[in-house]
Each structure stands twice: as structure tokens, then as C-alpha cells.
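Undergrad: Here it is: the structure, laid out below.
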Amino acid sequence: GALVYQYPRRTICKSGTSMRMECQAVGFQATSVAWYRQSPQKTFELIALSTVNSAIKYEQNFTQEKFPISHPNLSFSSMTVLNAYLEDRGLYLCGAGLGGRPDTQYFGPGTRLLVL
Amino acid sequence: AQSVTQPDARVTVSEGASLQLRCKYSYSGTPYLFWYVQYPRQGLQLLLKYYSGDPVVQGVNGFEAEFSKSNSSFHLRKASVHWSDSAVYFCVLKYNNAGAKLTFGGGTRLTVRP
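In C-alpha cells form, the structure reads like this:
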């Protein structure tokens with residue numbers, strides 16, 4: 044089946060510092076990679092979406108300056124949270140799309156970010 | 287704009303009872319609909335998906351969902367729940383097949399009493 048790994052699973056950083064998280068699709072080439080955030084007691088918000096042959100598209104309230112993403116190939120993506128503050132804490136999920144109809148997102152276990 | 291509403295934030299049932307988790311969506315076109323489950327301290331796992339055809343779709347672990355265009359709904363059902371089904375369930379809408387933006391409902395926290 045489709046597997047998506049994320050690293051690290053959990054991380055703590057000091058307020059104002061930055062941290063990088065990675066996403067790896069195993070056994071398939073993702074046609075799209077999306078990063079989502081689940082803040083405490085909330086649902087999932089899309090941060091940005093990267094599809095084959097297209098530029099990375101950020102959702103409103105999220106910017107490349109704050110959440111730079113690297114998507115060098117169809118199996119790997121990384122995202123950095125720059126200058127993390129309390130409101131950035133939460134679970135960050137990477138979803139990789141297999142293509143087809145419907146194009147289904149398969150998610151990694153997430154990176155849980157705590158900000159002190 | 288598209289949206290997903292899960293009217294029940296929390297549902298509690300006894301083990302062995304039947305279950306229905308409600309989901310209503312708002313979208314004028316043909317939706318792609320999914321149910322995902324989030325177990326404690328884990329990411330999201332796909333339960334089932336619907337695009338076209340038979341409005342009743344079967345998923346993993348005995349779950350099924352029924353699409354209703356007239357009611358704009360995609361309710362999740364299970365005939366007999368197990369304590370291990372306790373988790374948060376998300377109804378998700380995708381408004382086209384290109385790209386991957388998903389619109390999530392608020393989630394329903396299911397507690398199954400032993």
C-alpha cells in the first residue's frame with residue numbers, strides 16, 4: 044500500500060527559532076504533496092499544495108516566507124517553520140496524492156510541534 | 287465556496303451498538319468525498335472514498351458511507367462498533383480531481399463504552 048513517512052514525529056523548539064520537517068512517500072511517486080496543520084482543538088488547515096509541474100501554492104494566512112517548502116522530487120518534501128511562536132504549535136501532516144480518480148491523499152503520521 | 291459540516295462534535299455509544307456519524311457538505315458540483323480517522327496521537331488514515339457510482343461505499347473495518355446528492359450528505363455507518371473504534375472521524379471534501387486541496391469537517395470524536 045501507499046506509505047508516507049514523516050520525520051521527526053515530535054519536536055520542541057524555543058519561541059523564535061525554526062524547525063524543519065520532512066515527508067517521504069515510499070513505494071510510489073506522489074503526483075501532489077500537501078502540508079496541513081491541525082492546531083489544538085481544531086480541524087486541519089491546508090498550508091500549501093505542490094503538484095507536478097506547478098509552483099507551490101500557499102493558502103491564505105500561510106506564506107512562503109513563514110513556511111518555506113522544498114519539493115525536489117516526486118517522493119520527498121520538506122517544510123520549515125520559521126520563527127516559530129505559540130500559535131504555530133500543532134500537528135503538521137503531509138499528504139501525498141497517488142493520482143487517479145479520485146485522487147486520494149495518503150497521510151503520514153505527522154510531526155507534532157511544541158513551542159516553548 | 288465549498289464547506290463540510292459535521293454537526294456532532296462528540297458521539298458516545300456502547301460497544302456492539304450501531305453507529306452513524308453525520309456529514310453535510312456544501313458544493314454545487316460533483317464532490318469527491320472521503321472519511322478519514324485519527325486515532326489518539328496518530329495521523330490520518332483513510333476509511334473510504336466516493337466519487338461516482340453506487341452511493342453506498344464500503345470501507346475498512348466494517349465501515350460504510352452513503353452519498354446523497356439530494357441531501358448533500360455523506361454519512362458514515364457501522365453496524366456494530368468495537369471499543370477500538372474510539373477515535374476522531376473527519377469527513378473530507380475535494381471539489382475537483384486536479385490538485386489535492388481537501389476541505390475538512392470539524393471532526394466527530396467517537397467514544398465507545400466497553
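Protein chains in written order, with the working numbering: chain A, 44 to 159; chain B, 287 to 400.
The C-beta atom is built at its ideal place from N, Cα and C for all residues, glycine as well.
Could you give the DSSP three-state label for G138(A): helix, strand or coil?
TA: Sequence index remark: in the first sequence, residue 138(A) carries index 95 (1-based). Strand, per DSSP.
Undergrad: Rounded to whole angstroms, what's the CA-CA distance from G70(A) to G59(A)? Just pull it up for me.
TA: Within the first sequence, residue 70(A) is the residue found at index 27, counting from 1. Within the first sequence, residue 59(A) is the residue found at index 16, counting from 1. Cα to Cα, G70(A) sits roughly 36 Å from G59(A).
Undergrad: Nearest-angstrom Cα distance between L396(B) and S61(A)?
TA: Counting from one through the second sequence, the residue named residue 396(B) turns up at place 110. Counting from one through the first sequence, the residue named residue 61(A) turns up at place 18. Cα-Cα distance, rounded: 35 Å.
Undergrad: Q324(B) lies in the beta strand (DSSP E); which residues open and close that run?
TA: The residue you call residue 324(B) lines up with position 38 of the second sequence. Segment 318–324, the beta strand (DSSP E) holding Q324(B).
Undergrad: Please classify D411(B): is it buried, with 16 or more other beta-carbons within 10 angstroms of its beta-carbon, or exposed?
TA: Outside the shown range of chain B, which is 287 to 400, sits residue 411(B), and nothing can be said about it.
Undergrad: Quick check: is the beta carbon of Y50(A) nearer than 8 Å to any beta carbon in chain B?
TA: Locating residue 50(A) in the first sequence gives position 7, where the first residue counts as 1. No, no contact with chain B.
Undergrad: At a CB distance below 7 Å, what residues from the segment 98–132 of chain A approach chain B? Give them in sequence order.
TA: From the segment 98–132 of chain A, no residue has a Cβ closer than 7 Å to chain B.
Undergrad: Rounding to the nearest angstrom, what Cα-Cα distance links Y50(A) and S356(B) in this structure?
TA: Here residue 50(A) refers to the residue found at position 7 of the first sequence. Here residue 356(B) refers to the residue found at position 70 of the second sequence. Cα to Cα, the separation comes out at about 43 Å.
Undergrad: Alpha carbon to alpha carbon, how far is G143(A) from Y318(B)? Give it in angstroms, no decimals.
TA: Taking the second sequence and counting its residues from 1, the one referred to as residue 318(B) is at position 32. Taking the first sequence and counting its residues from 1, the one referred to as residue 143(A) is at position 100. If I take the Cα positions, the gap works out to 12 Å.
Undergrad: Take R155(A) and list the residues in its own chain whose beta-carbon comes closer than 6 Å to its own, dropping the five residues that flank it on each side.
TA: Residue numbering aside, residue 155(A) sits at position 112 when the first sequence is read from its first letter. R53, L134.
Undergrad: Looking at the secondary structure, which residues open and close the beta strand (DSSP E) in which Q331(B) lies?
TA: The residue labelled residue 331(B) in the question sits at position 45 within the second sequence. 330–336 is the span of the beta strand (DSSP E), which, as asked, contains Q331(B).
Undergrad: Between the segment 332–351 of chain B and the segment 289–297 of chain B, do at least 3 Cβ pairs fall closer than 8 Å?
TA: They do not touch, by the three-pair rule.
Undergrad: How long is the line joining the alpha carbons of L117(A) and A303(B), rounded to whole angstroms?
TA: For the purposes of this step, residue 117(A) is identified with residue 74 of the first sequence, where counting begins at 1. For the purposes of this step, residue 303(B) is identified with residue 17 of the second sequence, where counting begins at 1. The straight-line gap from Cα to Cα measures roughly 44 Å.
Undergrad: Name the chain A residues that come within less than 7 Å of L330(B), Cβ to Cβ?
TA: The sequence position of residue 330(B) within the second sequence is 44, counting from 1. The answer, in chain order, is L136, F150.
Undergrad: Checking contacts by CB at 8 Å: is L388(B) closer than that to chain A?
TA: Reading the second sequence from its first residue, position 102 is the one you call residue 388(B). Output row for L388(B): interface = yes.
Undergrad: Determine the closest residue to E102(A) out of P111(A), N126(A), A91(A), with distance taken between C-alpha atoms.
TA: Within the first sequence, residue 102(A) is the residue found at index 59, counting from 1. Nearest C-alpha to E102(A): A91(A).
Undergrad: Comparing alpha-carbon positions, which option in G391(B), W321(B), S366(B), G392(B) lies nearest V299(B)?
TA: Here the question's residue 299(B) lines up with position 13 in the second sequence. Here the closest residue by C-alpha is S366(B).
Undergrad: Alpha carbon to alpha carbon, how far is G315(B) from Y381(B)?
TA: Position 29 of the second sequence, counted from the first residue, corresponds to residue 315(B). Position 95 of the second sequence, counted from the first residue, corresponds to residue 381(B). Rounded to whole angstroms, G315(B) to Y381(B) spans 7 Å at the Cα level.
Undergrad: Of the residues that make up the segment 318–345 of chain B, which ones have a beta carbon closer than 9 Å to any beta carbon in chain A?
TA: Against chain A - using a Cβ distance shorter than 9 Å - the residues of the segment 318–345 of chain B are Y318, L319, F320, Y322, Q324, R327, Q328, G329, L330, Q331, L332, K335, Y336, Y337, S338.
Undergrad: Between A68(A) and V47(A), which are expected to be in contact by the criterion C-beta below 8 Å, what is the C-beta distance as a whole number of angstroms?
TA: Taking the first residue of the first sequence as 1, we reach residue 68(A) at position 25. Taking the first residue of the first sequence as 1, we reach residue 47(A) at position 4. Rounded, the Cβ-Cβ distance is 6 Å, consistent with contact.
Undergrad: Would a check of beta-carbon distances place G391(B) closer than 8 Å to chain A?
TA: Walking along the second sequence from the start, residue 391(B) turns up at place 105. Closer than 8 Å: yes.
Undergrad: Show which residues of chain B have a CB atom less than 9 Å away from the CB atom of L46(A).
TA: Counting from 1 along the first sequence, the entry for residue 46(A) is found at position 3. What L46(A) touches in chain B: nothing, since even the nearest Cβ is about 12 Å away.
Undergrad: With DSSP collapsed to three states, give me the class of G59(A).
TA: Reading the first sequence from its first residue, position 16 is the one you call residue 59(A). If DSSP states are grouped into helix, strand and coil, G59(A) belongs with coil.
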